[in-house]
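A short worksheet on the structure shown next.
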Amino acid sequence: MATLHASDPPLLRIPDEITLHILRQLPSQRPKLRRQDLRNLTLVCKRIHPFALEMLLVEPTVHVFKAHGLLRMYFKYPNLADKVKSLELISECLCEDNPEIQACHYDLSQMKPANDVDFWISCFNVCTEFAPDCPALVNEHMECLETTEYPNAVLGVMLLRLRGLKHLFMGTTLLSHLSVLGPCVTPKDHILLGSDRFGSSLPVSNLWGAEFLERIYSRLAPNITQLELPYAWEGSRSTPMESAHDLSHFSSLTHLVVHQDALCDYDLGQALPRSLKLIAITARRSTADRLVSYLGSLLLHKPKLLPNLENIHLHHDWNDYVAGWYCRRPIRELEHDYIKKKLDRVAKVAALHGVQISIFHPKTDILHYTPWDPTYIVGDQEPEYGSMVLDVLDARRISFE
Numbered sequence: 257m258a259t260l261h262a263s264d265p266p267l268l269r270i271p272d273e274i275t276l277h278i279l280r281q282l283p284s285q286r287p288k289l290r291r292q293d294l295r296n297l298t299l300v301c302k303r304i305h306p307f308a309l310e311m312l313l314v315e316p317t318v319h320v321f322k323a324h325g326l327l328r329m330y331f332k333y334p335n336l337a338d339k340v341k342s343l344e345l346i347s348e349c350l351c352e353d354n355p356e357i358q359a360c361h362y363d364l365s366q367m368k369p370a371n372d373v374d375f376w377i378s379c380f381n382v383c384t385e386f387a388p389d390c391p392a393l394v395n396e397h398m399e400c401l402e403t404t405e406y407p408n409a410v411l412g413v414m415l416l417r418l419r420g421l422k423h424l425f426m427g428t429t430l431l432s433h434l435s436v437l438g439p440c441v442t443p444k445d446h447i448l449l450g451s452d453r454f455g456s457s458l459p460v461s462n463l464w465g466a467e468f469l470e471r472i473y474s475r476l477a478p479n480i481t482q483l484e485l486p487y488a489w490e491g492s493r494s495t496p497m498e499s500a501h502d503l504s505h506f507s508s509l510t511h512l513v514v515h516q517d518a519l520c521d522y523d524l525g526q527a528l529p530r531s532l533k534l535i536a537i538t539a540r541r542s543t544a545d546r547l548v549s550y551l552g553s554l555l556l557h558k559p560k561l562l563p564n565l566e567n568i569h570l571h572h573d574w575n576d577y578v579a580g581w582y583c584r585r586p587i588r589e590l591e592h593d594y595i596k597k598k599l600d601r602v603a604k605v606a607a608l609h610g611v612q613i614s615i616f617h618p619k620t621d622i623l624h625y626t627p628w629d630p631t632y633i634v635g636d637q638e639p640e641y642g643s644m645v646l647d648v649l650d651a652r653r654i655s656f657e
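Numbering follows my numbering, in which position 228 of the sequence shown is assigned residue number 484; successive positions increment by one, without gaps.
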């Protein structure tokens, strides 16, 4: 415990354990925002640095191509790995202009640690402990650490090592960087984008270590309570992905963030876990009518399929703004009124089942990543900003309540 001084401010005159508890109550709910808050605190108070360092490692945000550095840290300090409950992965910067973390700026030589024998041995031990009866699968996975599939292989090992993981945020990643989720995003006999962010695809059965990945997925899914899938449900920004195949393995899931393209073709009878309390959906204005129809079907089946559902949050797909859609294709008033009337009808059905539908509006410039609140409760009041109901959605400010 650090030495206490009478000249310290009140916050620093209390025991370290209580200080750590106070820091854990910082208002930021996402790991990335909490990390920024902690970093700012360390700049003004050196004593907080040890607490902040530990919290950064137990609630990490990491680029998928730099995950080996974080994994090496967990191998060195296993007690920290056992405390991790939340992990945020990034591979695309959708919310700020920072070319340093763009996926296309990395190559294999930048991803892999050179001649780190201890790291390879630790990875092998984790995989062997997980599948002691399948040495061939373990060897296949270790071989992937020497190929261009290295980032996905490391991510698989990390998800095995973080046994207590509950919250997994992947909003700014690409599906091509999340092969470990293959069983939930596509049927086994269909296609899944490989590691090429520009759209090459392979049959899942031909992907590296497919069977080992499925085992990792089976271990991971039942423990996750908050899951954020990519905001943009496209593998390459030009090649649309099919709908997510099945999320029912996430039997403890209460909060889900997902793109409407991954929802609208769901088989409502099997795809969503019954434990869901909140669904946050990123929506395209161009297919808003399709989304509203899906919500209507979902709510009609709610008592049987989603008995715990309480909230549906709607957010705008940020790629609409990237493509200049906001300037080129404004929704005509007739279309707007038509969609709003359908939303209001859906909201009445939702109210009967105790579900609130909220549309969110960014309160600051669209390039800023800040916490925000709903400005339009469907069926309750008019939107606070603008006349286009579905213009007030933004995918990059999702937070769990």
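Using N, Cα and C, we set each Cβ at its ideal position, and we do this for glycine too.
Exposed or buried, THR403, counting other C-beta atoms within 10 Å across all chains shown (16 or more means buried)? Within the sequence shown, numbered from 1, the residue matching residue 403 stands at position 147. It is exposed - the Cβ of THR403 has fewer than 16 other Cβ atoms within 10 Å.
Hey, would you say LEU430 sits closer than 7 Å to SER508, going by beta carbons? Counted from its first residue, the sequence shown places residue 430 at position 174. Counted from its first residue, the sequence shown places residue 508 at position 252. Not in contact: LEU430 and SER508 (Cβ atoms no closer than 7 Å).
May I ask you to verify whether the region 333-341 touches the region 380-397, counting CB pairs closer than 8 Å and requiring at least 3? Three or more beta-carbon pairs separated by less than 8 Å are not found between the region 333-341 and the region 380-397, which leaves the two stretches without contact.
Span separating the alpha-carbon of LEU659 from that of VAL373: Outside the displayed range of the chain (257 to 657) lies residue 659, so it cannot be described from this structure.
Expressed to the nearest angstrom, what Euclidean distance is found between the alpha-carbon atoms of LEU649 and CYS390? Start at 1 with the first residue of the sequence shown, and residue 649 comes out as number 393. Start at 1 with the first residue of the sequence shown, and residue 390 comes out as number 134. The predicted model places LEU649 with a pLDDT of 33, which falls under 50 and marks its position as unreliable; any figure quoted below should be read in that light. Straight-line Cα distance between these residues: approximately 47 Å.
Within the 7 Å Cβ cut-off, does ALA337 reach chain D? Checking the listed chains, one finds no chain D in this structure; it contains a single protein chain.
Going by DSSP, what residue range makes up the beta strand (DSSP E) through SER342? Translated into positions along the sequence shown, residue 342 becomes position 86. Note, SER342: beta strand (DSSP E), 342-346.
Would you call the CB atoms of SER614 and HIS569 closer than 7 Å? The count along the sequence shown starts at 1 and reaches residue 614 at position 358. The count along the sequence shown starts at 1 and reaches residue 569 at position 313. Going by C-beta atoms, SER614 is nearer than 7 Å to HIS569.
Please classify ASN408 as buried or exposed, where buried requires at least 16 neighbouring CB atoms within 10 angstroms. Mapped onto the sequence shown, residue 408 falls at position 152. Burial call: buried.
Residue nearest to ILE472 in terms of C-alpha spacing, selected from THR428, LEU512, GLY412: The residue labelled residue 472 in the question sits at position 216 within the sequence shown. Nearest neighbour of ILE472 by Cα position, chosen from THR428, LEU512, GLY412, turns out to be GLY412.
Over what stretch of residues does the beta strand (DSSP E) that includes ALA536 continue unbroken? The residue labelled residue 536 in the question sits at position 280 within the sequence shown. Unbroken beta strand (DSSP E) run through ALA536: 534-539.
Which residue's Cα is closest to the Cα of LEU512: SER549, PHE468, GLU566, ASP545? Position 256 of the sequence shown, counted from the start, is the residue given in the question as residue 512. For LEU512, the nearest C-alpha among the options comes from GLU566.
Decide if LEU345 is buried, meaning its Cβ has at least 16 other Cβ atoms within 10 Å, or exposed. In the sequence shown, residue 345 corresponds to position 89, counting from 1. Around the C-beta of LEU345, 16 or more other C-beta atoms lie within 10 Å, and the residue is accordingly described as buried.
Mapping DSSP to helix, strand and coil, what is LEU416? Stepping through the sequence shown from its first residue, residue 416 is reached at position 160. Helix, per DSSP.
Using 7 Å as the threshold, is the C-beta distance between ALA337 and ARG417 below it? Your numbering for residue 337 matches position 81 in the sequence shown. Your numbering for residue 417 matches position 161 in the sequence shown. Yes, the Cβ-Cβ distance between ALA337 and ARG417 is below 7 Å.
Extent of the continuous alpha helix (DSSP H) to which VAL611 belongs: Mapped onto the sequence shown, residue 611 falls at position 355. Here VAL611 belongs to no alpha helix (DSSP H), and DSSP marks it neither H nor E.
Under a three-way DSSP split, which group does HIS557 fall into? Taking the sequence shown and counting its residues from 1, the one referred to as residue 557 is at position 301. Reduced to three states, the DSSP call for HIS557 is coil.
DSSP on ILE568, reduced to helix/strand/coil? Working through the sequence shown from its first residue, we reach residue 568 at position 312. In this structure, ILE568 counts as strand in the three-state DSSP scheme.
Kindly indicate which residue of PRO388, ILE377, LEU415 has the alpha-carbon position closest to the one of MET398. Taking the sequence shown and counting its residues from 1, the one referred to as residue 398 is at position 142. Nearest C-alpha to MET398 among PRO388, ILE377, LEU415: ILE377.
Find out if the Cβ-Cβ distance for the pair SER504, PRO478 is shorter than 7 Å. Working through the sequence shown from its first residue, we reach residue 504 at position 248. Working through the sequence shown from its first residue, we reach residue 478 at position 222. The Cβ-Cβ distance between SER504 and PRO478 does not fall below 7 Å.
Under the assumption that LEU415 contacts LEU476 (Cβ atoms under 8 Å), give the Cβ distance between them as a whole number of angstroms. Taking the sequence shown and counting its residues from 1, one reaches residue 415 at position 159. Taking the sequence shown and counting its residues from 1, one reaches residue 476 at position 220. Correct: roughly 5 Å between the Cβ atoms.
Is any heavy atom of the ligand NAP found at a distance shorter than 6 Å from the C-beta of HIS423? Ligands in the displayed structure: none, and consequently the ligand NAP is not present.
Take the Cβ of LYS596 as the centre, count every other Cβ of all protein chains shown within 10 Å, and call the residue buried at 16 or more, exposed below. By one-based count along the sequence shown, residue 596 stands at place 340. By the 10 Å Cβ count, LYS596 comes out buried.
When we look at the beta-carbon of MET329 and count the other beta-carbons within 10 Å, is it buried (16 or more) or exposed? Taking the first residue of the sequence shown as position 1, residue 329 is located at position 73. Classification of MET329: exposed, given that the 10 Å Cβ count is below 16.
With GLU396 and PHE468 assumed to form a contact (beta carbons below 8 Å), what rounded beta-carbon distance in angstroms separates them? Within the sequence shown, the letter at position 140 stands for residue 396. Within the sequence shown, the letter at position 212 stands for residue 468. Contact holds; Cβ gap of about 7 Å.
Alpha carbon to alpha carbon, how far is HIS571 from ILE537? Working through the sequence shown from its first residue, we reach residue 571 at position 315. Working through the sequence shown from its first residue, we reach residue 537 at position 281. The C-alpha of ILE537 is placed about 6 Å away from the C-alpha of HIS571.
Cβ shell of LEU547 (< 6 Å), same chain only, five flanking positions each side left out: In the sequence shown, residue 547 corresponds to position 291, counting from 1. Excluding positions up to five away in sequence, the list reads GLN516, ALA539.
Looking only at its chain, what residues have a beta carbon closer than 6 Å to the beta carbon of LYS598, apart from the 5 residues adjacent to it on each side? Walking along the sequence shown from the start, residue 598 turns up at place 342. The beta carbon of LYS598 sits closer than 6 Å to the beta carbons of VAL548 from its chain, once the five residues preceding and following it are set aside; these are given in chain order.
Compare the beta carbon distance of GLY427 and GLU484 with 7 Å and say whether it is the shorter of the two. Here residue 427 refers to the residue found at position 171 of the sequence shown. Here residue 484 refers to the residue found at position 228 of the sequence shown. Their beta carbons are under 7 Å apart, which means GLY427 touches GLU484 by this criterion.
Going by DSSP in three states, HIS319 sits in which element: helix, strand or coil? Here residue 319 is taken as the residue at index 63 of the sequence shown, counted from 1. Residue state for HIS319 is assigned as strand, using DSSP reduced to three classes.
Quick check: what's the CA-CA separation for SER474 versus TYR487? Numbered from 1 along the sequence shown, position 218 holds the residue referred to as residue 474. Numbered from 1 along the sequence shown, position 231 holds the residue referred to as residue 487. Whole-angstrom Cα-Cα distance: 23 Å.
Could you give the C-beta distance for VAL602 and LEU551, rounded to a whole number, given that I count them as a contact under 8 Å? Numbered from its first residue, the sequence shown carries residue 602 at position 346. Numbered from its first residue, the sequence shown carries residue 551 at position 295. Rounded, the Cβ-Cβ distance is 5 Å, consistent with contact.
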